[in-house]
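Here the structure comes first, spelled out in structure tokens, and everything after it is commentary.
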Amino acid sequence: MSGLNPRAEGPSSPPPLYAAVSGLKTPPPNGRAVLYNGNSVSPRRSKGEAANQTQCRNIVIYGYCRYQDRGCIFNHDTSNISPSKNPASPGQPGNHINADMSKRKLNVESASFTPGQSPSFGNAVMASPPQSKLSTKALEAAVFTPRMSALSAAASPPMSNPPLPPQMNMMDPMMQGTSYMQPEIPPFPNLSQTFDGMGLDPAPLQPNPYEYNPVPPQPHAQVNPYAHQNNPNEVYYAQQSYQPVQYHLYAPIGPHKQNLLSYQRTVHDLFLKDSVREDLQKKAEASLQTLPNSTLPNVDSYHSLVPLDLHVAKSQGKNAPAPPQPTFGYTSWVYKATSTKDGSYYILRRLEGFRLSNEKAIRVVEHWKRVMNANVVTVHDAFTTRAFGDNSIVFVFDYFPLSQTIQDVHFGPNSRYQNRQHANQTQNANTEHMLWSYIVQIASALKTIHAAGLAARVIQPNKILLTNKNRIRINCCSVLDVLNFDAGRSLVELQQEDYLAFGRVILAIACNNPHAALNAQKSMDYVSRTYSPELKNFLLYVFNGPASGGPRTMEELLGMISFQLVQNFDSSLHQNDTLEAQLGGELENGRLVRLLCKFGFINERPEFAHDQAWSETGDRYLIKLFRDYVFHQVDEAGNPVIDIVHVLSSLNKLDAGTDERIMLVSRDEQNCLIVSFRELKRVIESSFSELQKRG
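Using the working numbering, the letters of the sequence shown correspond one by one to residues 1 to 695.
And the structure:
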């Protein structure tokens with residue numbers, strides 16, 4: 001290579017080095033010329049001139065050549081360099097370079113390389129007639145040129161960069177061919193002076209930091225839902241893929257607990273568990289339940305009230321609804337209602353005959369609204385109403401369909417724990433695991449409530465809901481705070497009563513007797529014989545308090561059950577993994593519906609009946625025959641065959657685009673076509689794309 005240095009330069013080398021001093025608008029074609037006051041110095045030597053007589057350009061530009069002892073064949077003598085004659089291109093006029101040019105470093109402002117600036121060179125530049133008002137910073141913006149750069153202020157002085165060390169003046173030849181090297185982005189020109197000169201405010205042109213793609217969309221552009229838009233700060237790669245994700249290729253996400261052979265697996269392993277599906281369907285049915293010919297009024301912003309606490313009493317062999325039992329000292333009713341604000345379902349707990357005497361009492365609910373815990377039923381509102389024909393107060397809570405109380409599950413007439421006292425030790429161990437789960441959840445709820453400066457006051461078997469398997473929530477919080485607002489009891493006393501109520505509930509469940517706390521000594525003896533010492537120590541703490549005689553604290557209580565906290569947390573994580581794995585199986589269960597929608601869009605369009613470009617003799621004919629193959633199967637007697645397995649299998653193979661071939665027969669049985677599912681998929685995609693273009 002003839003020019004600045006003798007290194008060979010590949011196609012992927014960094015941008016060539018050239019100096020823009022004055023009068024330069026665009027880089028030279030070969031990128032090797034150096035402009036001194038607008039005059040080009042050609043790196044090529046004249047005919048008949050030997051290489052050892054040609055002055056090395058590294059000596060002229062940098063004052064030294066790092067390849068002088070490495071095989072550079074050019075002349076490195078510095079005595080021939082004079083301010084009036086350039087040995088590289090003799091006889092060229094217009095070179096006004098001082099004599100110390102060879103000793104100082106030239107200021108070449110480049111995105112890849114920036115050496116220091118020579119004062120003498122700056123003098124030579126100022127001596128030449130100015131041909132451009134662009135600043136040096138604006139000239140260096142070779143990659144990005146803003147629209148206002150032509151109007152940049154010429155008065156701004158050029159910024160001088162500090163000289164680089166000699167080992168950084170030349171690029172490493174080992175990095176010449178590296179394709180992933182990217183040049184530095186030149187600094188953005190100062191637009192404030194430009195806008196000041198034009199009388200414009202630069203604020204409207206600032207980019208919006210919250211706008212992902214500031215480019216406005218093109219009118220009448222079809223949006224590709226499968227197109228992936230890269231981050232503008234990332235590296236851009238051409239040929240982006242716009243193909244839809246292969247959702248039919250399911251990945252086994254989640255825990256893998258057992259290895260089963262192919263013949264041991266059932267069809268239920270490929271879908272959501274029947275128990276989970278049935279549970280969700282029952283909850284959805286309960287949520288949508290309505291009361292026909294209901295005379296219940298609309299209360300505030302809630303409508304479609306459905307009573308949920310109808311206790312059935314047997315009278316003369318017939319089932320008749322009995323009035324509810326008094327709760328909190330008042331007759332209580334529970335309704336499921338729909339909100340007109342968000343359309344969600346809520347629980348309305350109505351207390352009959354309550355007359356609010358102090359307006360500050362109902363404001364206590366505002367403190368309970370901020371209590372957010374997974375084991376507390378959230379309260380949303382409380383208000384008084386006369387919609388039922390009397391003075392009533394209504395509390396609004398979250399709705400959990402098909403939930404039961406601890407009283408109904410453990411002590412009801414149909415309880416599954418009636419004969420647990422006669423169970424063996426293994427069943428008792430499983431029951432203790434359930435007890436520890438209850439203890440951890442109630443302790444979590446009490447910790448949040450006490451930290452908010454409140455007291456639960458409703459730790460009772462008939463006020464704790466069981467919403468799922470071993471999943472409990474404390475219900476009816478804030479009700480006693482409103483009803484007994486004027487009682488004047490201290491918060492510490494109420495919180496200590498929460499611990500006692502906590503122990504009574506756990507003791508009743510452990511002994512399978514709702515009145516176990518009435519004979520505490522006998523009940524504790526049963527716990528000592530049946531359960532672990534840790535459970536006994538927990539009950540002794542909540543009943544008797546700490547040995548030091550001070551008040552019970554939640555920190556000390558959590559320290560006693562910390563080993564069970566870890567175990568319950570681990571069980572919760574396993575449950576989340578199982579639910580995520582089951583959810584992954586239902587991730588793209590609508591892909592077959594998309595195929596059916598495409599069939600409905602493509603087949604038998606009357607508006608294209610006389611259009612030769614859209615006839616059913618080409619690709620559309622295959623789609624029509626495939627529809628008959630999937631849905632219009634008949635047996636040997638001509639009777640229709642209703643086989644959902646055949647439909648699902650064919651659509652899945654079509655969605656996957658397999659190479660399996662099938663035979664499509666026309667309705668008159670005169671034509672037979674053998675095609676693969678891959679070809680059918682291509683035909684459907686092309687036909688649907690053509691239909692989109694016509695739309």
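Think of the CB as a built atom: it goes at the ideal place given N, C-alpha and C, for glycine as much as any other residue.
Check                                                                                                                                                                    : Outcome
What's the C-alpha gap between residue 553 and residue 536?                                                                                                              : 18 Å
What first and last residue would you give for the alpha helix (DSSP H) that runs through residue 533?                                                                   : 533 to 544
Can you give me the C-alpha to C-alpha distance between residue 335 and residue 395, rounded to a whole angstrom?                                                        : 10 Å
Which of helix, strand or coil does DSSP assign to residue 410?                                                                                                          : helix
Report yes if the C-beta distance between residue 626 and residue 680 is below 9 Å; otherwise report no.                                                                 : yes
Which of the three DSSP states is assigned to residue 335 in this structure?                                                                                             : strand
On the DSSP bridge list, what partners appear for residue 306?                                                                                                           : 336
In the DSSP assignment, find the alpha helix (DSSP H) that holds residue 577 and state where it starts and stops.                                                        : 562 to 585
So is residue 601 buried or exposed if we call it buried at 16+ other beta carbons inside 10 Å?                                                                          : exposed
By how many angstroms is the C-alpha of residue 646 removed from the C-alpha of residue 630?                                                                             : 7 Å
Name the two residues that bound the continuous beta strand (DSSP E) containing residue 528.                                                                             : Residue 528 -> not in any beta strand (DSSP E); alpha helix (DSSP H) instead, spanning 520 to 530.
Cutting at 7 Å between CB atoms, please list the residues of its own chain near residue 338, excluding the five before and the five after it.                            : 302, 303, 304 and 345
Residue range of the beta strand (DSSP E) that residue 628 falls in?                                                                                                     : Run containing residue 628: none in the beta strand (DSSP E); it sits in the alpha helix (DSSP H), 619 to 631.
What distance in whole Å lies between the Cβ atoms of residue 377 and residue 483, which are believed to be in contact at a cut-off of 8 Å?                              : Their Cβ separation, rounded to whole angstroms, is 17 Å, which puts residue 483 and residue 377 out of contact at 8 Å.
Straight-line CA distance for residue 574 to residue 567?                                                                                                                : 11 Å
Could you give the C-beta distance for residue 539 and residue 443, rounded to a whole number, given that I count them as a contact under 8 Å?                           : Going by Cβ atoms, the distance from residue 539 to residue 443 rounds to 13 Å, so no, they are not a contact pair.
Could you tell me the boundaries of the beta strand (DSSP E) in which residue 356 lies?                                                                                  : Residue 356 -> no beta strand (DSSP E), and no H or E assigned at all.
Does residue 462 come out as helix, strand or coil in the three-state DSSP assignment?                                                                                   : helix
Have a look at 664, 271, 658 and 51 and flag the residue whose alpha-carbon is nearest the alpha-carbon of residue 581.                                                  : 271
Roughly how many whole angstroms lie between the Cα atoms of residue 491 and residue 457?                                                                                : 11 Å
If you draw a straight line from the C-alpha of residue 517 to the C-alpha of residue 500, how long is it?                                                               : 10 Å
Are the CB atoms of residue 411 and residue 512 nearer to each other than 9 Å?                                                                                           : yes
For residue 432, which residues of its own chain have a beta-carbon under 7 Å away from its beta-carbon, when the five flanking residues on both sides are left out?     : 531, 532 and 535
Under a three-way DSSP split, which group does residue 690 fall into?                                                                                                    : helix
Look up residue 468 in the DSSP assignment and give the residues it is bridged to.                                                                                       : 471
Name the DSSP bridge partner or partners of residue 398?                                                                                                                 : 346
Using a 10 Å radius around the Cβ and a threshold of 16 neighbouring Cβ atoms, would you call residue 157 buried or exposed?                                             : Only weak support is given to the placement of residue 157: the predicted model assigns it a pLDDT of 46, under 50, and the value that follows is read from those uncertain coordinates. Counting Cβ neighbours within 10 Å, residue 157 comes out exposed, since fewer than 16 surround it.
Near residue 620, what residues of its chain come up, given a Cβ to Cβ distance below 8 Å and the 5 sequence neighbours on each side ignored?                            : 602, 603, 614 and 687
Over what stretch of residues does the alpha helix (DSSP H) that includes residue 277 continue unbroken?                                                                 : 274 to 287
Rounded to a whole number of angstroms, what is the C-alpha to C-alpha distance between residue 570 and residue 506?                                                     : 22 Å
Given a cut-off of 9 Å, decide if residue 405 and residue 463 are closer than it, judged by their beta-carbon atoms.                                                     : yes
For residue 662, which residues does DSSP report across the bridge?                                                                                                      : 675
If you follow the beta strand (DSSP E) that residue 382 is part of, which residue opens it and which one closes it?                                                      : 379 to 385
Please list, in chain order, all residues of the same chain as residue 297 whose beta carbon is under 8 Å from its beta carbon, the five residues on each side excluded. : 305, 387 and 388
Who are the near neighbours of residue 623 in its chain, counting only those whose CB is closer than 8 Å to its CB and skipping five residues on each side?              : 599, 602, 603, 680, 683, 684 and 687
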